[in-house]
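Just so we're aligned: the sequence shown equals residues -26 to -1, 1 to 544 in mature numbering (1 follows the signal peptide of the UniProt record, and there is no 0).
The C-beta atom is built at its ideal place from N, Cα and C for all residues, glycine as well.
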Amino acid sequence: MKTTIIAATLTLATCFSATVSSVAHSADRITGHHFATRSEAMAPNAMAATSQPLATQVALDIMQAGGNAVDAAIAANAVLGLVEPTGNGIGGDLFAIVWDAKTERLYGLNASGRSPKNLTLDYFLENGHDKIPAYGVLPISVPGAVDGWFELHEKFGQLPMEQVLAPAIEYAEQGFPVTELIAYYLERSGRFLNKQPGFSEVFMPDGEMPKKGERFRNPDLANTYRTLAEQGRDAFYKGDIARTMADFVQEHGGFLSYEDLASHTSTWVDPVSTNYRGYDLWELPPNTQGIAAQQILNILENYDIASMGFDSAEYIHLFVEAKKLAFEDRAKYYSDPDFNDVPVTGLLDKEYAKERAKLINMERAGRSYEPGNPPTEGDTIYLTTADKDGTMVSLIQSNFRGMGSGVTPTGLGFVLQNRGELFALDPNHNNVFEPGKRPFHTIIPAFVTKDGKPLMSYGVMGGATQPQMHAQILINMIDFGMNLQEAGDAPRILHTGSSQPTGEAMTDGGYISLENGFSAETRRELIKMGHTLREAVGPFGGYQAIWRNHEEEVYYGASESRKDGHAAGY
């Protein structure tokens, strides 16, 4: 975000010959914490929070037209796939948690795709790969998002799909103005994806990526959406769209086949929970990394964090060490449960967390940890919607690495994801590449209940940032007393360099990046404790949340100040 602010300052300086002090901060607010950017949104009937204003408005329009929160979430996701292709699209995967007001229970959907069945581990090893490439045709797995839409719609939807997808089709045909942050990421993506098959034809028709304020059209995507609206999910997985994807990938040396697409299915799963100081945090089990947030909180629950203070070396050190421990388990155990027996119950066991907590030295940073022995029994968009009946949706969707593989099949208007990059190539690793297997997944939706009642749907986009921020949002609210918006605006702690599900091992303790807002004294104390601090711009995630106030029957909404969107309701 800092880079974007600097760029905007330079533009203003050029136009108005003005100068802005490099130490200027956001305007003072008369209420709330000094770092808060705005108040929470509030509304009595419905709420939506997304990373792009047009998507938020479409979600509200759909609910005002008689749709529910699920219809609104699908409609908003379709718009985001058009207006924010740097984070998502129907070439990617989807996960969702839904609180259904009718049955008064949570449902989880894993709509992630599998690896090509004709691609083998031997192919990578025999061709000299020590890891799966980030871009091009080799990391492509089956895109699961469209099947996810139709699974959600069939189970919960109210409006016909033609009406749900109509706003996205209209924007794709008539064009939309590109917003500031998305324009920044588009330009950055174009630098290294412009040589990928089909990419430039869709996203660089004039030789350059769309710029801020430019009205961008994607008629190919409009046609694809219209086909889905009229013909349903099978048009994507068994019709001409499937044939186009498979033929295009294979023409350029890849392995995705029509059979891979035709055999794809999503999976309804039970969300899993852990209780943190009276609040139940719900996540989806592996192949996602959701339970890492729960493992972090289980460890931290053994400490009096509130007494430490938000801007304290003690708290930051403790958080980072808990994250390191959780991520060692993440690196070893998290994988496709159809191929491995993932010990989810043991990993979330409170006594196990206490034993892991004993490994933390409160005076010194750990350079390495071993994964535990639990008792046995991957740029993104996040959006959330809530309707007048009480149904709430927590949905996350992604291409991975922003614009995915860069491979853009002719005439379809979207890029294919590169989630396959997150497989390991070590034959002994749980997450090793195998045909027809789901890769380890970074994208995770979250939900909070209290005493069995739905309280909060939220998520924070951004690769390995996500479980760290899921935990920090709740800590900010529960331990430090912040409101829904302040919890997202507060400066964030990001630890990088942990062991990974792709096989890399942490040996040097990794490093911490702290956003502006943490004091110089705290930074110095962390260095004394053996932590390595490193400046970072932009990897701190993007947050959206909805809170349900049951007493007043009011929704609160919060949206990420680091992104282009907002929360709104009616």
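- Counting only runs of at least 4 residues, the segment 30 to 118 fully encloses the following alpha helix (DSSP H) elements, listed from N- to C-terminal order: 43 to 57, 95 to 100.
- Close CB contacts of G410 within its chain, under the 6 Å cut and outside five residues either way in sequence, are with R88, K91 (chain order).
- Distances from the alpha-carbon of D463 to those of V434, S473, H469, I486 put V434 closest.
- Of the candidates S281, D285, P311, I270, the residue whose Cα lies closest to the Cα of D303 is I270.
- Beta-carbon to beta-carbon, G55 and L133 are separated by about 18 Å, too far to satisfy the 8 Å threshold.
- If you ignore the 5 residues before and after A236, its C-beta comes within less than 7 Å of the C-beta of Y211, K212, A216, all in its own chain and listed in chain order.
- D2 sits exposed, since fewer than 16 C-beta atoms from the chains shown fall within 10 Å of its C-beta.
- With a threshold of 16 other beta carbon atoms within 10 Å, P401 falls short and is exposed.
- One Cα belongs to T496, the other to G471, and the distance between them is close to 21 Å.
- Below 8 Å, too few C-beta pairs join the segment 191 to 206 and the segment 103 to 115 to call them touching: fewer than three.
- For F388, the closest alpha carbon among the candidates E175, F9, N490, Y432 is that of E175.
- Looking at Q263, Y432, K324, R79, the one whose alpha-carbon comes closest to that of E275 is K324.
- Just so you know, the alpha carbons of K298 and I273 end up roughly 11 Å apart.
- Secondary-structure assignment with DSSP links F421 through a beta bridge to W256, S431.
- Its chain contains I370, G433, M435, Q518 as the residues whose beta carbon lies nearer than 6 Å to that of Y356, once the 5 sequence neighbours on both sides are disregarded; these appear in chain order.
- According to DSSP, T365 shares a beta bridge with no other residue.
- Annotation: the segment 298 to 384 contains the following complete segments of the beta strand (DSSP E) (minimum length 3 residues), in chain order: 355 to 360, 366 to 372.
- Contact between the segment 413 to 421 and the segment 259 to 266 is established, with three or more Cβ pairs separated by less than 8 Å.
- Counting only the Cα atoms, A266 lies some 9 Å from L321.
- CA-to-CA, the gap between I36 and N84 works out to about 24 Å.
- By the C-beta criterion, the segment 421 to 432 is judged not to be in contact with the segment 116 to 127, since fewer than 3 inter-stretch pairs fall below 8 Å.
- Taking Q170 as reference, the option from A33, F222, P475 with the minimal CA-CA separation is F222.
- Remark: fewer than three beta-carbon pairs, one from each stretch, lie closer than 8 Å, so the segment 246 to 255 and the segment 131 to 145 are not flagged as touching.
- Setting aside the 5 residues that flank it on each side, E395 is surrounded in the same chain by I106, A108, P113, each with a C-beta closer than 6 Å to its C-beta; the list follows chain order.
- Under the 10 Å beta carbon count, I447 is surrounded by 16 or more other beta carbons and is classified as buried.
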